[in-house]
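First the structure, in the form of structure tokens, and then the observations on it.
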Amino acid sequence: MAVWQRTSVALATLLLSMAMAVTQAAGTTASKNNDIGGKGNVGPKGEGLVVAACRNMSNGFLSTKTHFDEAPCVLALRSDRWSSTANDYGDLAVVAMDVLGRRGAEAAAMIDGVLRDLTAARNRTRRAFQLCSANHAFVERALPACRDMFLGLKPLRKKAPCFDPVEDDAGDVLRCLDSIGEEASECDLSLANHWGDEKIDWFDNVVKHVSLAWGLVEMATDCLDNDSHW
1 MAVWQRTSVA
11 LATLLLSMAM
21 AVTQAAGTTA
31 SKNNDIGGKG
41 NVGPKGEGLV
51 VAACRNMSNG
61 FLSTKTHFDE
71 APCVLALRSD
81 RWSSTANDYG
91 DLAVVAMDVL
101 GRRGAEAAAM
111 IDGVLRDLTA
121 ARNRTRRAFQ
131 LCSANHAFVE
141 RALPACRDMF
151 LGLKPLRKKA
161 PCFDPVEDDA
171 GDVLRCLDSI
181 GEEASECDLS
191 LANHWGDEKI
201 DWFDNVVKHV
211 SLAWGLVEMA
221 TDCLDNDSHW
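Letter 128 of the sequence shown, counting from 1, is numbered 128 in this note's numbering, and no numbers are missing.
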């Protein structure tokens with residue numbers, strides 16, 4: 001009887017030690033997983049991150065200005081190969097600005113082509129395209145500044161200041177993108193009035209890509225702004 005009791009106690013002690021070791025190992029693993037990467041880096045990466053971001057863009061998660069349907073959002077981001085290696089929403093915001101730059105350059109080239117074909121000096125449509133040319137010249141100069149300002153906030157390991165009067169912050173990036181949105185939207189409106197709504201899809205697409213960049217900056221920084229002017 002005494003032998004059986006000693007054996008039972010020893011077995012129970014062994015089982016308890018094994019259980020404690022497993023629990024400690026699991027806790028260490030969880031702690032390591034929670035420490036990886038900082039803000040925006042826990043969760044899906046690459047293609048999975050693109051889908052998650054675009055789902056947020058399409059479901060009203062952000063301010064109303066930044067709605068972007070999921071399928072075209074995914075298509076837009078995947079058009080840049082760097083989206084497949086993105087680690088967080090901040091990386092995707094940079095991708096979105098690069099895509100916006102290409103869409104803007106394509107629109108500017110189209111404007112120049114139309115202007116070459118519109119020879120009537122006082123034609124109202126020509127004047128609208130001249131104004132658009134000025135709008136897109138501003139977009140071309142301002143976008144690299146917006147991109148550099150945002151890169152100055154990375155790595156995004158904690159919530160960036162939002163509309164802080166002293167520090168460089170996410171609000172400055174949104175103001176910069178706001179100015180681009182105003183210019184692109186002004187071109188859009190001018191062409192709608194003098195060229196026809198059915199012909200401006202390409203230029204409206206530039207405005208939508210400003211929204212995409214804007215929304216991803218909001219997601220990356222937790223800085224939401226409903227006071228855009230376009």
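Virtual Cβ for every residue (Gly too), placed ideally from N, Cα, C. Since we're looking at a predicted model, the values are computed, not measured.
Alpha-carbon to alpha-carbon, W214 and A137:
What you label residue 137 is simply residue 137 of the sequence shown in a count that begins at 1. What you label residue 214 is simply residue 214 of the sequence shown in a count that begins at 1. Rounded to the nearest angstrom, the two C-alpha atoms are 20 Å apart.
Own chain partners of V207 with C-beta closer than 8 Å, once the 5 adjacent residues on each side are dropped:
Taking the sequence shown and counting its residues from 1, one reaches residue 207 at position 207. The beta carbon of V207 is closer than 8 Å to those of G181, A184, S185, D188 and W230 in its chain, skipping five residues each way along the sequence.
Taking DSSP as the reference, what is the three-state secondary structure of A86?
Within the sequence shown, numbered from 1, the residue matching residue 86 stands at position 86. Here A86 carries a coil assignment [DSSP, helix/strand/coil].
Using the rule of at least 16 other Cβ atoms within 10 Å of the residue's Cβ for burial, across every protein chain shown, is S58 buried or exposed?
Reading the sequence shown from its first residue, position 58 is the one you call residue 58. S58 comes out buried.
Please check the pair V99 and S79, which I expect to be a contact at CB under 8 Å, by giving their CB distance rounded to whole angstroms.
Locating residue 99 in the sequence shown gives position 99, where the first residue counts as 1. Locating residue 79 in the sequence shown gives position 79, where the first residue counts as 1. The beta-carbon distance between V99 and S79, rounded to whole angstroms, is 6 Å. This is short enough to meet the 8 Å contact definition.
N-terminal and C-terminal residue of the alpha helix (DSSP H) that W214 is part of
On the sequence shown, residue 214 is found 214 positions in, with the first residue counted as 1. Here the alpha helix (DSSP H) through W214 covers D201 to T221.
With a CB to CB cut of under 6 Å and the five nearest residues on each side skipped, what residues in its chain are close to L115?
Residue 115 sits at position 115 when you count from the first residue of the sequence shown. Excluding positions up to five away in sequence, the list reads F129.
Measure the alpha-carbon distance for M219 versus C73 and round it to whole angstroms.
As a first step, residue 219 is located in the sequence shown; it is residue number 219 there, counting from the start. As a first step, residue 73 is located in the sequence shown; it is residue number 73 there, counting from the start. Going from the Cα of M219 to the Cα of C73 covers about 14 Å.
Start and end residues, alpha helix (DSSP H) containing N47
Locating residue 47 in the sequence shown gives position 47, where the first residue counts as 1. At residue 47 the sequence reads Glu, which differs from the Asn that was named. Its alpha helix (DSSP H) spans residues G46 to S58.
Identify the continuous alpha helix (DSSP H) that holds S190 and give its terminal residues.
Along the sequence shown, read from residue 1 onward, the residue named residue 190 stands at position 190. First-last of the alpha helix (DSSP H) with S190: A170 to H194.
For a test of the three-state rule: what should DSSP assign to G113, helix, strand or coil?
In the sequence shown, counting from the first residue as 1, residue 113 sits at position 113. Of the three classes helix, strand and coil, the one that applies to G113 here is helix, per DSSP.
Determine the direct distance from the alpha carbon of G46 to that of L235, and round the result to whole angstroms.
This structure cannot speak to residue 235, because the chain is shown only from 1 to 230.
When the distance is taken between beta carbons, is F150 closer than 8 Å to V217?
Within the sequence shown, numbered from 1, the residue matching residue 217 stands at position 217. Within the sequence shown, numbered from 1, the residue matching residue 150 stands at position 150. Yes; because the gap between Cβ atoms is below 8 Å, this pair is in contact.
Based on Cα-Cα distance, which residue from A109, W82 and C146 lies nearest to S179?
Start at 1 with the first residue of the sequence shown, and residue 179 comes out as number 179. Just measuring C-alpha positions, the residue of A109, W82 and C146 sitting nearest S179 is C146.
Among A86, R55, A108 and V94, which one has its Cα closest to the Cα of A71?
Within the sequence shown, the letter at position 71 stands for residue 71. The option with the nearest alpha carbon to A71 is R55.
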